[in-house]
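Just so we're aligned: 148 in my numbering is position 81 of the sequence shown, and the numbers increase by one with no gaps anywhere.
Since the structure comes first, as structure tokens, the remarks are kept for the end.
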Amino acid sequence: MHVFAPERVPTARQARRRLIVGGIALALAVTLSVVALPLGIRGHGVARLGEATAASEISAGPADERPGAVELRTAPVASLTRDASATVELVDGAASRARLSLLRDGAWVDGGDRLALSRDETAAGVTVRIRAVTPRDDREWDGIATVRLTVSQGFLPDVDEVDIDLFAS
Numbered sequence: 068m069h070v071f072a073p074e075r076v077p078t079a080r081q082a083r084r085r086l087i088v089g090g091i092a093l094a095l096a097v098t099l100s101v102v103a104l105p106l107g108i109r110g111h112g113v114a115r116l117g118e119a120t121a122a123s124e125i126s127a128g129p130a131d132e133r134p135g136a137v138e139l140r141t142a143p144v145a146s147l148t149r150d151a152s153a154t155v156e157l158v159d160g161a162a163s164r165a166r167l168s169l170l171r172d173g174a175w176v177d178g179g180d181r182l183a184l185s186r187d188e189t190a191a192g193v194t195v196r197i198r199a200v201t202p203r204d205d206r207e208w209d210g211i212a213t214v215r216l217t218v219s220q221g222f223l224p225d226v227d228e229v230d231i232d233l234f235a236s
């Protein structure tokens, strides 16, 4: 048996308070969508990674065990804020099995599993090399490295990720 209990009608004071809180929430939402979002609270869709070269062999040994290298190019970002920053990093299992290098002034600079880019490098776009340091092992690592580019300017960063097979022929 269900007992029906009528809902309590809010008092005038409670109704007025709910109306004020709702109005404030609506005003904040409108302010964010009209003013703050175009100023950088959300990502601008500027983080882009593209493959510059295919996998290549860089050491001697059986073809299946040869570590490979792939070069990626970040897209230039035309409009960056003064406090913009960017990083390129290896994520998941690839962080301990591969290395990043950055082409800076014509020479490759080793960066480990994470590279911090200057504002000028982010604006111009850079070439990054991903190199396997351990051989492919089907039980532990399939040779695929996930590379993440993060461009931060404003409240939410822009992120682009690509999966690269370092042992593709």
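Backbone N, C-alpha and C define an ideal beta-carbon position, used for all residues, glycine too.
Just so we're clear, the structure is a prediction, and the values are computed from it rather than from any experiment.
Under DSSP, Leu169 forms a beta bridge with Val176 and Val195. Inter-segment contact for the segment 195-214 and the segment 162-169 is present: three or more beta-carbon pairs are separated by less than 8 Å. Contact annotation: Ala136 and Leu116 have beta-carbon atoms that are not nearer than 9 Å. The Cβ atoms of Asp209 and Val218 do not sit closer than 9 Å to each other.
Closest by C-alpha distance to Thr213, out of Gly90, Leu157 and Ala94, is Leu157.
Around the Cβ of Ile87, a 10 Å sphere holds fewer than 16 other Cβ atoms; the residue is exposed. Where Ala96 is concerned, the enclosing alpha helix (DSSP H) starts and stops at Ala79 to Thr98. For Ala153 against Leu216, the beta-carbon gap comes to about 7 Å, under 8 Å, which counts as contact.
Per DSSP, the continuous beta strand (DSSP E) segment holding Asp225 begins and ends at Asp225 to Asp232. Around the beta carbon of Ile231, 16 or more other beta carbons sit within 10 angstroms, so the residue counts as buried. Under DSSP, Ala212 takes part in a beta bridge, and its partners are Ile231. Distance from the CA of Ala94 to the CA of Asp150, rounded to the nearest whole angstrom, comes to 28 Å.
Around the beta-carbon of Glu138, 16 or more other beta-carbon atoms lie within 10 Å, marking it buried.
Looking at the DSSP output, Ser219 bridges to Ser152. Each residue's CA atom was taken as its position, placing Arg186 and Thr194 some 15 Å apart.
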